[in-house]
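Residue numbers (our numbering): -1 to 163.
In structure tokens form, the structure reads like this:
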């Protein structure tokens, strides 16, 4: 069992549905999951690295924290409004996050040249501060993928070994 933080960037709510589908599947697979629809870096860090010894016993493996970042792209390749402060705080974070492993899920429309740019940029940012990418950015194309919630659940079940570190 892993303790997983799902961090969501969404403008219109579609990405929230994908993140909630991830949460549902991960809970079914016996993982502890916290979902952050209004991500706050300090709160996520506190969930990732519990201070209390009793919390550590029940929170999975704080030595190998896992973050799943689900985000859409807004406008000309921008982050959704609800995740902008998280990204800014992350880029200025002084805490060592090198033990964090992550995977990024991008939701977008391939008809735009900025397809999943926010997800790709967020992945690059996390790598630049020392986090470990578990796999390349997983993208879902809203112009082709009829039901990204089902697709992400299938993808997680098929790739669950990535989250069992």
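All residues carry an ideal CB built from backbone N, CA and C; glycine is no exception. Computed from a predicted structure; not experimentally measured.
Reference residue i, options the options, closest by Cα
i, options, result
"residue 82", "99, 92, 43, 39", "39"
"residue 6", "104, 28, 109, 34", "34"
"residue 132", "26, 31, 11, 159", "159"
"residue 145", "106, 112, 125", "106"
"residue 110", "44, 71, 22, 151", "71"
"residue 92", "43, 75, 117, 157", "43"
"residue 104", "62, 127, 117", "117"
"residue 77", "96, 123, 47, 41", "123"
"residue 151", "27, 96, 8", "27"
As assigned by DSSP and simplified to three states, the class of residue i
i, result
"residue 97", "coil"
"residue 73", "coil"
"residue 131", "strand"
"residue 23", "helix"
"residue 52", "Low confidence applies to residue 52: its pLDDT is 46, below 50, so where it sits in the model is not reliable, and the reading given next is rough at best. It is helical."
Cα-Cα separation between residue i and residue j, rounded to whole angstroms
i, j, result
"residue 138", "residue 13", "10 Å"
"residue 73", "residue 1", "33 Å"
"residue 80", "residue 129", "22 Å"
"residue 84", "residue 19", "22 Å"
"residue 15", "residue 157", "20 Å"
Where the alpha helix (DSSP H) through residue i begins and ends
i, result
"residue 84", "79 to 89"
Bounding residues of the beta strand (DSSP E) (the contiguous stretch that carries residue i)
i, result
"residue 119", "No beta strand (DSSP E) contains residue 119, which is instead part of the alpha helix (DSSP H) from 115 to 126."
Below-7 Å beta-carbon distance, residue i vs any chain D residue
i, result
"residue 32", "Absence of chain D from the displayed structure is noted, only one protein chain being present."
Counting pairs of beta carbons, one from the stretch 93 to 104 and one from the stretch 60 to 69, are three or more of them closer than 8 Å? yes
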